[in-house]
Amino acid sequence: MTSSGAEPPLKLLALDGGGIRGLSELLMLKEIMHRLMVEENERRKKDVEEPLSRLPKPCDYFDLIGGTSTGGIIALMLGRLRMDVDTAIKHYDDLAKQVFSGIKRWGDGKFSATKLEGAIKSVVRTVTGDSESLLLEDDNAGVCRTFVCAKNAHNLNANIPVLFRTYRSRETHSNCKIWEAARATSAAPAFFKRIEISPQQPFIDGGLGRNNPSQVVLDEAKALFGARQIGCLVSIGTGQAEVIGIKKPGLFQQIIPTDIIEALKTISTDCEATHEAMLDRFANSPNTYFRLNVEQGMQRIELSEWEKLSNVEAHTAQYMKKKEVDEKLAVLVNAIRVPRAQFMIELGTKQVLGAKNPSTLMGMANLVSMYKNQGHWTEAEALQVVVMEKAKQMLGSDHPDTLKYMGDLADIYSSQGCWREAEALQVVVIEKRKQVLGNDHPYTLMSMANLAGTYSSQGRWTEAEALQVVVMEKTKQILGADHPDTLTSMGNLADIYSSQGRWREAEALQVVVMENRKHILGDEHPDTLTCIGHLADIYSHQGRWTEAEALQVVVMEKTKQILGADHPDTLTSMRNLADTNQGHKYLKEKTKQVLGDPIIDIPEIPPSPLSHEIALYPVEYLENIPEAAPTPVVHEINLFSVEFLSGGIPESSEVGMHTVQAELRDEEI
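Here the sequence shown is numbered in full-length UniProt numbering, starting from 1 and rising by one per residue.
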């Protein structure tokens, strides 16, 4: 295959052999997938899309996965069987305990090959429904390709592995079964007897010389994809070890010369030589090659000691806590974070997969997200309509993906101010989700919150409030009072109250949200600072200028400290503080004009310790700060409340107060 400018860089995954220590590979992949999920949900949150509820699958991100021995079994689980990592860990754990829990007393190999075959067949049956499922798949460019390494037992001296592939190739051997490929790649001498897949073709563990299959993955990628650019090669090991702990064969086992065993052990675990070669190869291509391999602790764990799986987990967790590993993972995730499906759009996907393939819809939907991020709403809307209609035809009107696409189209309408169109779709989504998922499902509640937002945007506060109250109460009941989704729903309800001038109710909710954000996220988290800013705004609208200013000063100081003096959020916080001061002065002047000398003295706000900074701040940053908006009528009411008066309001003041209110209403209009 030749490369074209439209094709994305390749993402490759290589998995070492290493017995039960292969659990370490799965745990590191789980961390990678978790970070990818966090990144993806951040994007979806910005696009007002439903978050992922399960870890994404490696097969959705990698173009080619290659593995040896235990890494080969894992490669088949993740690539050919398309498991998520959590499912693969469960099957791997069960397989290890089942296969390595008993030692044979005689025969070829230390452990029962029959048990291994049975365990693998059980996994295949669970996923495909047929334990005899074939390894080879239809030639489909939209599918992650997978191979495993083995060695021809008749030619151990040759350093060229035999590859069992899930895809067609000029070198593809007979189409064996999935379990046969797994047996071939894991038939380590002294552990399991060899397997004959075709007449006179016995195979043994591919780790004999290629335990780190990184070079093989590169070679195979070149054969498959030609000169297409490599975006990243992720190589994951099973822990550094000079010698594998293999005990000598039992008395009644087939005798294998000790010197051969020692030689094979050294070869099969000498993965670092391959790693050094990869470092040299990618020396001029930073952030392309990534090697993850636990450095300490694995040496004391033998390949078959399944009872030490918890030790493998502990050593892997300790390794990932290292600062340099954490930083490497962050860069790695950035290199692979865009799913392959995002590039299977329009021409490429339709040609390869066909217009009716669900993966085509996924690719088109991701293109819609790109249009939205760029503000190209017309293009986004046109393509999303196609996606939604195709989903109805292919999946049905009630399918979760169809409902998601309908919700996405509603979001696009909302972003363009097409509230009626958005509302019509959102009502359908809510009713369908209630029928399919139930009234209390998080997706149903999310749909209700979206419709409440649409009502709010139209000024339909009563309807918005009714929905948002239900969302808040249900979310609190299901997820707990301090869950982020509960706090978000409380904040949304506070906004609805604020929009109706119901400041006391808004304040009560916003205080709870702010305190919980502080407790969970910390005082300096952006979400916490946003809550503080909202509460300050509520205080301002009640005429409680001193309290508002105190909070706004905190927001400005923290934002400046975290983001820098020139960051837009810092400038916004400075503008809000300036507005508070201007609003207070405006009220005092307006009251004086109407009432003459004030009945009471409206206290000046004490100078902010940062006031001089605002005054001296470069004009170009502050010249666009608007004049303070005329204060809503509720400000004037609160001027005469107990917060500003030590006694009652004289009767002669009532006419003046109403005059102030009337003038302010005129100005607002």
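In this text, a Cβ means the ideal position worked out from N, Cα and C, and glycines have one as well.
Residue from the options with nearest C-alpha to residue i
| i | options | result |
| --- | --- | --- |
| Leu-10 | Gly-17, Pro-56, Leu-64 | Leu-64 |
| Leu-571 | Gln-582, Gln-561, Met-556, Ile-562 | Met-556 |
| residue 672 | Thr-166, Met-278, Gly-480, Gly-491 | The first residue shown for the chain is 1 and the last is 669, placing residue 672 beyond what the model contains. |
| residue 684 | Val-470, Thr-488, Tyr-455, Met-388 | The structure shown does not extend to residue 684, since the chain is modelled only from 1 through 669, so no value can be given for it. |
| Arg-183 | Gly-118, Thr-580, Arg-228, Thr-378 | Gly-118 |
| Cys-531 | Gln-542, Arg-544, Gly-543, Ala-506 | Ala-506 |
| Arg-460 | Pro-526, Glu-423, Gly-407 | Glu-423 |
| Gly-170 | Asn-581, Ser-235, Leu-224, Lys-560 | For clarity, residue 170 is Arg in the given sequence; the question names Gly instead. The option with the nearest alpha carbon to Arg-170 is Leu-224. |
| residue 670 | Leu-29, Ile-197, Thr-559 | Nothing in the structure corresponds to residue 670, since the chain is present only between 1 and 669. |
| Gln-435 | Met-448, Asp-398, Ser-457, Lys-222 | Asp-398 |
| Leu-135 | Ile-562, Arg-44, Leu-116, Phe-164 | Phe-164 |
| Arg-168 | Asn-152, Ala-382, Trp-179, Val-143 | Val-143 |
| Val-387 | Trp-377, Lys-322, Ser-369, Met-364 | Met-364 |
| Thr-274 | Gln-416, Asn-293, Leu-81 | Asn-293 |
| Gly-19 | Gly-237, Asn-581, Met-490, Asn-492 | Gly-237 |
| Val-217 | Ser-235, His-525, Arg-228, Ala-227 | Ser-235 |
| Arg-54 | Ala-227, Tyr-61, Asn-41 | Asn-41 |
| residue 728 | Asp-219, Ser-122, Gly-226 | Missing from the structure shown is residue 728; the chain here goes from 1 to 669 and no further. |
Alpha-carbon spacing of residue i relative to residue j, whole angstroms
| i | j | result |
| --- | --- | --- |
| Pro-51 | Met-37 | 9 Å |
| Leu-15 | Ile-120 | 18 Å |
| Ala-536 | Ala-466 | 25 Å |
| Gly-438 | Arg-145 | 38 Å |
| Ile-496 | Tyr-405 | 27 Å |
| Arg-504 | Lys-518 | 21 Å |
| Val-512 | Arg-575 | 26 Å |
| Lys-372 | Gly-239 | 44 Å |
| Leu-329 | Leu-529 | 29 Å |
| Gln-384 | Pro-400 | 16 Å |
| Asp-280 | Leu-13 | 18 Å |
| Phe-282 | Ile-520 | 42 Å |
| Asp-579 | Ser-540 | 9 Å |
| Asn-311 | Val-124 | 28 Å |
| residue 739 | Gln-374 | The displayed coordinates of the chain run from 1 to 669. Any statement about residue 739 would go beyond what the structure contains. |
| Met-278 | Gln-215 | 8 Å |
| Ala-494 | Pro-58 | 41 Å |
| Leu-332 | Ser-499 | 44 Å |
| Lys-432 | Asn-366 | 24 Å |
| Asn-450 | Met-320 | 38 Å |
| Ala-452 | Ala-464 | 4 Å |
| Gly-407 | Glu-379 | 17 Å |
| Arg-44 | Leu-309 | 36 Å |
| Lys-558 | Gly-501 | 29 Å |
| Glu-39 | Val-469 | 30 Å |
| Leu-395 | Glu-389 | 10 Å |
| Val-325 | Ala-382 | 44 Å |
| Arg-544 | Val-85 | 53 Å |
| Ile-562 | Asn-492 | 26 Å |
| Asn-175 | Asp-130 | 16 Å |
Proximity below 8 Å, CB of residue i to CB of residue j
| i | j | result |
| --- | --- | --- |
| Val-148 | Gly-67 | yes |
| Met-33 | Pro-56 | yes |
| Val-471 | Leu-509 | no |
| Thr-166 | Glu-132 | no |
| Thr-486 | Thr-475 | yes |
| Gln-426 | Thr-402 | no |
| Pro-162 | Ala-150 | Before going further, note that residue 162 is Val rather than Pro in the sequence given. The answer is yes: Cβ separation under 8 Å. |
| Ala-96 | Gly-231 | no |
| Thr-288 | Leu-233 | yes |
| Leu-361 | Ala-391 | yes |
| Ile-430 | Ser-447 | yes |
| Ser-573 | Gln-552 | yes |
| Ser-457 | Trp-419 | yes |
| Leu-76 | Val-99 | no |
For residue i, the residue or residues it bridges with in DSSP
| i | result |
| --- | --- |
| Phe-147 | Gly-66, Arg-165 |
| Phe-290 | Val-234 |
| Ala-14 | Gly-66, Ser-235 |
| Leu-134 | Lys-177 |
Residue-level contact to chain B via CB, residue i, 8 Å cutoff
| i | result |
| --- | --- |
| Tyr-443 | Protein chain content of the structure displayed is limited to a single chain, and chain B is not contained in it. |
### Message
Would you call the region 211-224 in contact with the region 67-84, where contact means no fewer than 3 C-beta pairs closer than 8 Å?
### Response
yes
### Message
If contact is defined by three or more beta carbon pairs under 8 Å, each pair taking one atom from either stretch, is the region 537-552 in contact with the region 563-572?
### Response
no
### Task
Inspect the CB distances between the region 33-48 and the region 308-316 and report whether three or more fall short of 8 Å.
no
### Segment contact flag, the region 11-31 with the region 85-98, C-beta cutoff 8 Å, min 3 pairs
yes
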